[in-house]
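Trainee:
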Amino acid sequence: MRVLSGIQPTGLIHIGSYLGAIKHWIELQEKKECVFFIADLHALTVLREPKTLQKDIFELAAELLAVGLDPKKCIIFVQSQVKEHTELTWLLNTITPVAELERMTQYKTKTKQFKKNVNAGLLNYPVLQAADILLYQTNLVPVGKDQLQHLELTRTIARKFNQRFGRYPPAGPIFIEPKALITEIGAKIMALTEPKKKMSKSFPKSCLYLFDNPKIIREKIMTAVTDPGKEIKYNLSKKPGISNLLTIYNLFSGRTIKEIEKEFKGKGYQIFKEKLAQLLIKKLEPFRRKKKEFELNQAFLEKTLEDGRKRAQVIAEKTMKNVRKKMGLSSF
Ligand code: TYM
Numbered sequence: 260m261r262v263l264s265g266i267q268p269t270g271l272i273h274i275g276s277y278l279g280a281i282k283h284w285i286e287l288q289e290k291k292e293c294v295f296f297i298a299d300l301h302a303l304t305v306l307r308e309p310k311t312l313q314k315d316i317f318e319l320a321a322e323l324l325a326v327g328l329d330p331k332k333c334i335i336f337v338q339s340q341v342k343e344h345t346e347l348t349w350l351l352n353t354i355t356p357v358a359e360l361e362r363m364t365q366y367k368t369k370t371k372q373f374k375k376n377v378n379a380g381l382l383n384y385p386v387l388q389a390a391d392i393l394l395y396q397t398n399l400v401p402v403g404k405d406q407l408q409h410l411e412l413t414r415t416i417a418r419k420f421n422q423r424f425g426r427y428p429p430a431g432p433i434f435i436e437p438k439a440l441i442t443e444i445g446a447k448i449m450a451l452t453e454p455k456k457k458m459s460k461s462f463p464k465s466c467l468y469l470f471d472n473p474k475i476i477r478e479k480i481m482t483a484v485t486d487p488g489k490e491i492k493y494n495l496s497k498k499p500g501i502s503n504l505l506t507i508y509n510l511f512s513g514r515t516i517k518e519i520e521k522e523f524k525g526k527g528y529q530i531f532k533e534k535l536a537q538l539l540i541k542k543l544e545p546f547r548r549k550k551k552e553f554e555l556n557q558a559f560l561e562k563t564l565e566d567g568r569k570r571a572q573v574i575a576e577k578t579m580k581n582v583r584k585k586m587g588l589s590s591f
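When you read off a place in the sequence shown, starting at 1, and then add 259, the result is the number in the numbering used here.
Next up, the structure:
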């Protein structure tokens with residue numbers, strides 16, 4: 260049972276990515292074979308400053324380790340360091356209909372958002388993502404809800420590839436059809452500024468970052484947009500703001516939403532927000548401390564990513580050898 264997932268080095272980790280995905284990665288590394296990576300190639304689909312990309316990659320690596328990814332328990336590496344990702348992307352491109360890519364929600368949103376840079380990479384983005392997943396014979400992909408459509412496409416591509424090339428020697432399917440692992444609560448944390456929109460790195464003001472300092476955490480929570488009325492009650496359609504804050508409270512405290520509603524009955528938004536800010540400041544403190552420690556140890560970060568690359572490479576090479584044979588690109 261292999262688990263795989265990735266995150267782009269476009270800005271730091273916010274509580275949406277943490278609660279929707281990374282928290283589960285940390286739990287899964289205890290019981291499954293896990294592969295996690297920094298998706299730097301995906302990040303190039305929006306304009307990047309080459310001078311800062313390396314710094315961003317290492318900072319993200321430090322954050323991932325600080326929140327609990329453990330290189331002794333999982334493989335951590337940088338996507339562009341394993342060349343098989345781009346090779347498989349090209350091969351999968353040749354069986355993926357353009358129309359399937361054009362209907363992807365993320366593609367439609369990004370083409371609107373980055374009107375001046377609608378590059379072919381934005382369109383082919385999900386094919387690279389499919390290659391990431393299929394290369395490692397992945398069974399489970401822990402992600403937030405926004406990635407579900409890309410996962411469905413990955414399954415379609417795997418099926419199509421197996422049908423088309425599976426009969427060539429050595430006979431048998433080439434890829435495993437992966438399943439998305441999406442939790443019921445926390446799979447879509449909403450923006451603090453606009454609770455009907457997803458918290459997203461593309462809109463930094465919407466985010467509470469895991470490594471924000473206590474003053475900023477407090478400011479962001481106290482000014483988070485809430486709903487008319489003053490009752491602390493979970494109701495997604497009528498009270499999206501409070502429901503989002505209740506979800507965050509629930510996931511950081513481990514207490515059920517019902518229990519939290521009961522505690523804050525009749526107390527109003529102000530007191531609830533104050534307590535939530537205190538909870539977050541306390542829970543996120545160890546992360547901030549550990550990030551600083553990892554950032555001071557560049558040699559350790561480099562070694563971790565290099566060790567991860569070597570281990571990932573072994574799995575990726577094995578898959579590609581088979582793929583090349585099946586497609587007639589090599590005879591051995
Ligand atoms: P990225 O970098 O945008 O986000 C990383 C992970 O965080 C989840 N996430 C959220 N979950 C809940 N609420 C939110 N507001 C929220 N915002 C982000 C995302 O769903 C994701 O799981 N394309 C991917 C990276 C990628 C990948 C892959 C993932 C590349 N190849 C292969 C899985 C498998 C992305 O941009 O994630």
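Note that CB positions come from ideal geometry on N, CA and C, so glycine has one too.
Can you check which of these residues, Thr-563, Arg-477, Gln-572 and Lys-580, is closest to Leu-319 by C-alpha distance?
Mentor: Nearest of Thr-563, Arg-477, Gln-572 and Lys-580 to Leu-319, Cα basis: Thr-563.
Trainee: By Cβ distance below 8 Å, which residues in the same chain neighbour Phe-523 in space, the five residues on each side in sequence not counted?
Mentor: Ile-491, Ile-530, Phe-531 and Lys-534.
Trainee: Would you call Gln-422 buried or exposed, if buried means 16 or more other Cβ atoms sit within 10 Å of its Cβ?
Mentor: Gln-422 is exposed by the Cβ-count criterion.
Trainee: What whole-angstrom Cβ distance do Asn-352 and Val-386 have, given they're in contact under 8 Å?
Mentor: Between Val-386 and Asn-352 the Cβ distance is about 5 Å, and since that is below 8 Å, they are a contact.
Trainee: For the putative contact between Pro-268 and Ile-316, defined by C-beta atoms under 8 Å, what is the C-beta separation to the nearest angstrom?
Mentor: Right, their Cβ atoms sit about 5 Å apart.
Trainee: Would you say Leu-278 and Met-586 are within 8 Å of each other, going by their C-beta atoms?
Mentor: Not a contact, by the Cβ cut-off of 8 Å.
Trainee: Output the distance between the C-alpha atoms of Lys-569 and Gln-388, rounded to the nearest integer angstrom.
Mentor: Using only the alpha carbons, I get a separation of about 20 Å.
Trainee: Take Lys-369 and list the residues in its own chain whose beta-carbon comes closer than 7 Å to its own, dropping the five residues that flank it on each side.
Mentor: For Lys-369, where only same-chain residues beyond five positions count, the Cβ hits under 7 Å are Leu-381.
Trainee: Thinking C-alpha only, which one of Tyr-384, Ala-439, Ala-390 and Arg-414 is nearest Thr-364?
Mentor: Answer by Cα proximity: Tyr-384.
Trainee: Please determine, among Gly-488, Leu-505 and Lys-489, the residue with the shortest C-alpha to C-alpha distance to Ile-480.
Mentor: The shortest C-alpha separation from Ile-480 is found at Leu-505.
Trainee: For Phe-296, does the three-state DSSP call read helix, strand or coil?
Mentor: Strand, per DSSP.
Trainee: Which term fits Phe-322, buried or exposed, when burial requires 16 or more other beta carbons within 10 angstroms of its beta carbon?
Mentor: The question names Phe, but residue 322 is Glu in the sequence shown. By the 10 Å Cβ count, Glu-322 comes out buried.
Trainee: From Ala-450 to Ser-512, what does the alpha carbon distance come to, in whole angstroms?
Mentor: Each residue's Cα considered, the two are about 20 Å apart.
Trainee: Is the closest heavy atom of the ligand TYM to the C-beta of Lys-282 under 7 Å?
Mentor: For the ligand TYM, not one heavy atom lies less than 7 Å from the Cβ of Lys-282.
Trainee: In chain order, what residues of the same chain lie with their CB nearer than 8 Å to the CB of Lys-456, ignoring the 5 residues before and after it?
Mentor: Result list for Lys-456: Met-449, Ala-450, Phe-462 and Ser-465, in chain order.
Trainee: Compute the distance between the beta-carbons of Asp-405 and Gly-265, then report whether it is under 8 Å.
Mentor: No. Outside cutoff.
Trainee: Would you say Ile-354 touches the ligand SAM, meaning its beta carbon is less than 7 Å from a heavy atom?
Mentor: This structure simply doesn't include the ligand SAM; it includes the ligand TYM instead.
Trainee: Leaving out the 5 sequence neighbours to the left and right, which residues in its chain are closer than 6 Å to Phe-553 when beta-carbon positions are compared?
Mentor: Ala-321, Leu-324 and Ala-325, listed in sequence order.
Trainee: I want to know whether the segment 328 to 348 touches the segment 290 to 302 - three or more CB-CB distances under 8 Å.
Mentor: Yes, the segment 328 to 348 touches the segment 290 to 302.
Trainee: Checking 8 Å against the spacing of the C-beta atoms, do Arg-261 and Thr-397 come in under that value?
Mentor: For Arg-261 and Thr-397, yes; Cβs fall inside 8 Å.
Trainee: Relative to the C-alpha of Lys-371, which candidate in Leu-394, Lys-342, Thr-311 and Val-305 has its C-alpha closest?
Mentor: Checked all of Leu-394, Lys-342, Thr-311 and Val-305; the closest Cα to Lys-371 is Val-305.
Trainee: Suppose you measure from the CA of Gly-431 to the CA of Phe-424; what does that come to, to the nearest Å?
Mentor: Computed Cα separation, rounded: 9 Å.
Trainee: Give me the Cα-Cα distance between Pro-356 and Lys-419, rounded to the nearest whole angstrom.
Mentor: Between Pro-356 and Lys-419, the C-alpha separation is close to 11 Å.
Trainee: Hey, could you find the ends of the alpha helix (DSSP H) Phe-553 is sitting in?
Mentor: Looking at the DSSP string, the run of the alpha helix (DSSP H) that includes Phe-553 is 527 to 554.
Trainee: Looking at the structure shown, is Tyr-395 part of a helix, part of a strand, or coil, going by DSSP?
Mentor: If DSSP states are grouped into helix, strand and coil, Tyr-395 belongs with coil.
Trainee: Where does Leu-440 sit, in a helix, a strand or coil, going by DSSP?
Mentor: Three-state DSSP puts Leu-440 in a strand.
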